[in-house]
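> Dropping a structure here in structure tokens format, bear with me for questions.
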Amino acid sequence: MQAAQPQYDFFSEENGPKWRGLLVPSLEKVLNQVHPNLVSQQEALQYVEELILQLLSMLCQAQPRTCQDVEERVQKSFPHPIDKWALSDAQSAIEKRRRRNPLALPVDKIHPLLKEVLGYKIDHQVSVYMVAVLEYISADILKLAGNYVRNIRHYEISQQDITVAMCADKVLMNMFHQDEEDISGFPLMDEEPSASEEQSYYELVKSFMADCRQYLRQLNLIIRVFREPFNSNSMLFSQHDVDSIFSRILDIHEVTVKLLGLIEDTVEMTGEGSPHPLVGSCFEDLAESICEGFKEAVQYVLPRLLLTPVYHCLHLFEILKQLEEKSQDDEDKECLKQAITALLNLQSSMERICSRSLAKRRLSESACRFYCHQMKGKHLAIKKMNEIQKNIDGWEGKDIGQCCNEFIMEGTLTRVGAKHERHIFLFDGLMICCKSNHGPPRLPGASSTAEYRLKEKFFMRKVQINDKDDKEGEYRHAFEIILKDGNSVVFAAKSAEEKNGWMAALISLQYRSTLERMLDTAMLQEEKEEQMRLPGAEVYRFAEPDSEENVVFEENVQSKSGIPIIKAGTVLKLIERLTFHMYADPNFVRTFLTTYRSFCKPRELLDLLIERFEIPEPKPADANQTEGGEQPPSAEVKRFRKEFVQPVQLRVLNVCRHWVEHHFYDFERDPLLLSEMEDFIASVKGKAMKKWVESITKIIQRKKQVQVSVPSHSITFQNSPPPIEWHICKPGDTEHFDLMTLHPIEIARQLTLLESDFYRAVQPSELVGSVWTKEDKEIHSPNLLRMIRHTTNLTLWFEKCIIETENLEERVAVFSRIIEILQVFQELNNFNGVLEVVSAMNSAPVYRLDHTFEQIPSRQRKILEDAHELSEDHYKKYLAKLRSINPPCVPFFGIYLTNILKTEEGNPDFLHRHGKDLINFSKRRKVAEITGEIQQYQNQPYCLRVEGDIRFFENLNPMGDLSEKDFSDYLFHKSLEIEPRQLRSAPRFAKKYTYPLKSPGIRPTSARPGTMRHPTPLQNEPRKISYSRIPDSESEGTPASAPNSPRTPLTPPPASAASSSTDVGSVFDSPQGPSSPFHSSKTRPLTLTLSLPTNIIDHTCDHQTLLAKVPQSAEGNMAGRPGTPVFIYHLYSIMSRMSLISRIDSIRFESGKFCLRQSEI
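For the sequence shown, the residue numbers in this note's numbering are 45 to 1205.
Rendered as structure tokens:
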């Protein structure tokens, strides 16, 4: 592919990020189209993306402006015949009939980028044309790599697999690596034994099945690519010619299909108690029919390509002997013995004919199966390549194993001109010419034991093979190798038979990829022409064809995986697409199981799934011959079972698994439904279904055990939860638990744990169809109603606590305490709790308390205002905040309920089409999107301890026996009583509380990870510094907390991190935060004398520095040793009791002195 250097570099630092990863998701779709049962590593898809961008760069170099320009560029640059097929796909892509089946690659994303690449805007149709060409090449690469992966019996494509597969494909190599000598395929592997005697009986059966499938593909190549053109050109080939060349190849094909089908059925139906499938009877049943006529087939198969059935049959005899040796079942061993006896005459006859007509069979005869990757002999081939390379003096360049996959043959040829004999080693990617090494090695380091010396080598993708006619007096039995530069080398064989062997191998390698593509094209065309026969709608309701009367799809909308999205349909059509045979749609499964109860009952769904699972076989076709493209009935039924029955049944079981795993409450409410599900799962047979049955059964048993056992809330966290915080009331003093006696931190924590439990318990089925508003809401939405009632009761309780506190000073303290709880809610990301407080503060009885609000510190008013802004402008700030944090959190449930109600009320349940009502599944999908957002926050629990005594909030009943209206009237009248209208000052009332009103603050007494800001990432390492609490005897009241994560043990952080609780900023504050009333430039000298538990220290303050003189005996304890944090803790505690802590900006230790920076005295 000779092309000028492109001006636009797709892989530069500037342009690379625009293209990198753009095609990878679409390439997954392409892979799913060509190999639905394979997956790919991300690196492999990225490698294919790089190759496709190389091609796009090449196409853009021609500066195309029309589709014709692109077509000309492809014809000039792409090898034949891939150019023709790529252009055919591109032409189809721009036709109207392709609108319903758009391209997988993202045309809409590539089109605007092409303007930057080309420097001008091109028509969208040209972009579609170019992308269609790229998609065809990507599909070709992935199909080739997938074939290679399947041949080696893997299920995942790696980048190495793509490289190896392309290395063996001349067309793709010429397209991408024309100017390179070779590319790295895979490192030369060590020799690995692959002897058949190391295989078990079951491994032999699996290996034989794989060989049969590949052999069947070879037969299809013979029939579809070669025989059909012969048969269709009656003017060139008579029927006698066709029969003479291909003989009874159709019978061989039919027998192979039957044998493979018998073995697959036997393996599938093997009982669980049997150690391996007993396949002996399969061979015994077919023995007599195989013997008859097979000898004649061998006689008329003339070309070497048509020798494949002979070699396969001889291989079959060997497999039978190996199976007999490995079998441990007497009955199976007897069946195999009978089969060998029945085939003995045929074997003798074939070996006798082959001994006269064919050369001795060796590994090199894989050349006769040129189109097949010989995976059976892969390790033998690698071993052979190792041996050959070690046996060649003067080898240069990469190892043979890095540019070749398969050893083909070897032999001696004469190089015409020089008339020297050369020993030739032929691989699928390389032809090595050597000279016999009779003397000492000429190159330094060469092995003296090497048998050959390297003379020259040819890369097979860079040469053309030309047959030479025999000329009198010159050379005979010759062929020519033409190099890319025009030079040529002529080799001559010793006989015509030997020449035919070399030519068969060389021509096979030259046209292998072309023949593979011709076969794929022919079989794809055959599948399109011969639609798979399905049972009639009268016997199988799910076989009814799609029409506008039963299903409607979203127009011009597809899922990310390219699957059409259902807009509306009948129940049968929804079930059909739920378990569709052509593709799996996990999103549809989740949405359906979440929303189906709005149009179908659980028992009805189970009955429909069972009906969908039990698929009758279609009626056989009239034609029973493969002639003219018709398949025999056995092949047709086999295709039906493989491509329709098995996928549908597996997807039915997948739906059942998701149902019992994620929606087991359906079965908890209806024991009969569970019994029917268990009976159905137990009735499912078949080896392919076994793992699904076991998985579903285990899930059901696990769910049952959870039902009968006591629910366990034990969750293992990487970090320990923080200790319970106590204030005036201590553990066990439950009679006096109240808003002002409990610690605000612990109130907020326990409420958050409670509301998190409520939130996480809500099931999607409690929301769909607005069932929480219906008469039977207690049955269908118990968890949601519990959360709604808790939210209402807590909001009313906050109101009641404020309104029933008559004394203004006490009411301000209560008000401030609730705002502190709000702050901790913010720290814990409990948005439901935050808005509960906001709702209480905005209620009519509380909102009118102007005298109370005037007494609230300005900073707390700012915190409340910030929280109130969350609900403004349709909760815009709340939604932005919710999406910016990480779980655990408790979202505000009200906004979800509002959105669901709007969706339910604004969209009809059914769409009217052609006189029929179709279920509006688009509406259900919108509701499912909302429930999906709810579920994404239900997985992460809080790393907090449950304190059972403080869980009394679960049973709050602020209204008592009053109705909601009476309670509202009571609160409002009480509000008027404590602050009547139009009074300049609030009335005086007696105090209600006998205990101190001072808040303990919201800084935890133990600054451990996760205690302040939630969620704390559980994977983070805990902080390395720890603090000790002062003994009760040394402290009055609640001590201040230690500094949180200081820079060093002796360098505490600024006071903003160590101040009292009222200085803790809200997580909703602006980055600058509110201005602190304590920050001022005013200072004045101050002399203090403080007493520490172990030292007497004079503190003298002058201007902005407070010096603490420390005795020499304490210096040793200040050098970063474990006792240091305790000393600092004592210092902070004493200063806190003297109300100095809020005035200190920083504290550090210098030269035996504490230096405390203060900002205001």
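Beta carbons are placed, not taken as given, at the ideal position from N, Cα and C, and that holds for glycine. Please read these numbers as outputs of a predicted model, since none were measured by experiment.
Closer than 7 Å: is that where the CB of R713 sits relative to any heavy atom of the ligand MG?
The ligand MG is not among the ligands present in this structure, which contains no ligands whatsoever.
> How big is the Cα-Cα spacing for Q982 and A857?
Those two C-alpha atoms are separated by around 35 Å.
> Could you check whether I978 and Y940 sit closer than 8 Å to each other, using their CB atoms as the reference points?
Yes. Within cutoff.
> So, for R466: in the same chain, excluding its five sequence neighbours on each side, which residues have a beta-carbon less than 8 Å away from its beta-carbon?
For R466, where only same-chain residues beyond five positions count, the Cβ hits under 8 Å are T456, L457, T458, R459, C477, C478, K479, K499, F535.
> Name the DSSP bridge partner or partners of A612?
BP columns for A612 point to V596, N964.
> What's the C-alpha gap between I900 and G60?
Rounded to the nearest angstrom, the two C-alpha atoms are 57 Å apart.
> Taking 8 Å as the limit between beta carbons, can you name the residues of its chain near D953, skipping five residues before and five after?
Within the same chain, D953 has close Cβ partners S642, F643, I963, N964, K967.
> Looking only at its chain, what residues have a beta carbon closer than 8 Å to the beta carbon of V177, apart from the 5 residues adjacent to it on each side?
Excluding residues within five positions, the ones whose Cβ falls inside 8 Å are L99, L103, V114, V118, A130, L131, D133, A134.
> Within the same chain, show all residues whose beta-carbon is closer than 6 Å to that of A972, passing over the 5 residues directly before and after it, in chain order.
Closer than 6 Å at Cβ, skipping near neighbours: T635, T638, T639.
> What number of angstroms, rounded off, separates the C-alpha of C256 from the C-alpha of C448?
So the two alpha carbons sit approximately 25 Å from each other.
> With three or more beta-carbon pairs closer than 8 Å as the criterion, would you say the region 651-661 touches the region 606-622?
Yes, since at least three Cβ pairs between the region 651-661 and the region 606-622 fall closer than 8 Å, the two stretches touch.
> Reducing DSSP to helix, strand and coil, say where L955 ends up.
Correct three-state label for L955: strand.
> Taking its Cβ as the centre, do 16 or more other Cβ atoms sit within 10 Å of H834, making it buried, or is it exposed?
Buried is the call here.
> What are the start and end residues of the alpha helix (DSSP H) that includes E465?
No alpha helix (DSSP H) holds E465; the beta strand (DSSP E) holding it covers 464-471.
> Roughly how many angstroms separate the alpha carbons of L1015 and D1005, rounded to a whole number?
Cα-Cα distance, rounded: 14 Å.
> Tell me whether the beta-carbon of V812 lies closer than 8 Å to the beta-carbon of N827.
Taking 8 Å as the Cβ cut-off, V812 and N827 do not qualify as a contacting pair.
> Does the beta-carbon distance from E769 to H787 come in below 8 Å?
Against a cut-off of 8 Å, the Cβ pair of H787 and E769 comes out as a contact.
> Bridge partners of S84, per DSSP?
For S84, which the question treats as bridged, DSSP gives the partners I201.
> Grab the span of the alpha helix (DSSP H) containing Q867 for me, first residue to last.
852-871 is the span of the alpha helix (DSSP H), which, as asked, contains Q867.
> Smallest Cα separation from K428: which of L388, C111, G441, I452?
Ranking L388, C111, G441, I452 by Cα distance to K428 puts I452 first.
> Please state whether DSSP places V728 in a helix, a strand or coil.
Coil, per DSSP.
> I need the boundaries of the beta strand (DSSP E) containing A536, first residue and last residue.
First-last of the beta strand (DSSP E) with A536: 532-536.
> Using 8 Å as the cut-off, can you tell me whether the region 782-796 makes contact with the region 843-860, which would need three or more C-beta pairs spanning the two stretches below that distance?
Enough Cβ pairs lie closer than 8 Å, so yes.
> Can you find the residues in the same chain that come closer than 8 Å, C-beta to C-beta, to F1033, ignoring five residues on each side of it along the sequence?
E850, N851, L852, I1022.
> On the CB-based measure, 16 or more other CB atoms within 10 Å of its CB, does M217 come out buried or exposed?
M217 comes out buried.
> Quick check: the Cα distance between L248 and P660, rounded to an integer number of angstroms?
Roughly 33 Å between the two C-alpha positions.
> For S902, report the span of its alpha helix (DSSP H) as first-last.
902-913 is the span of the alpha helix (DSSP H), which, as asked, contains S902.
> Check F657 in the structure and name its three-state DSSP category.
The answer is helix: DSSP assigns F657 an H, G or I state.
> Please report the straight-line C-alpha distance between Y1037 and C773, rounded to a whole angstrom.
Their backbone Cα atoms lie some 14 Å apart in a straight line.
> Here's a check: name, in chain order, each residue in its chain whose Cβ is nearer than 7 Å to the Cβ of A189, leaving out the five neighbours to either side.
Same-chain partners within the cutoff: I201, D205, I206, A209.
> In chain order, what residues of the same chain lie with their CB nearer than 7 Å to the CB of A888, ignoring the 5 residues before and after it?
Hits under 7 Å: F1016.
> Applying the 10 Å Cβ sphere with the 16-neighbour rule, what's the burial state of V583?
With fewer than 16 other Cβ atoms within 10 Å, it is exposed.
> Taking C-beta to C-beta, are Q1208 and I509 nearer than 8 Å?
This structure leaves residue 1208 out entirely; the chain is present only between 45 and 1205.
> For L82, which residues from the same chain have a beta carbon less than 8 Å from its beta carbon, with the 5 sequence-adjacent residues on both sides left out?
Answer for L82: L75, G190, V193, R194, Y199, E200, I201, listed in chain order.
> Which residue comes first and which comes last in the alpha helix (DSSP H) that contains D1013?
Element bounds for D1013: 1008-1022.
> With which residues is Q508 paired in a DSSP beta bridge?
Q508 pairs with I526.
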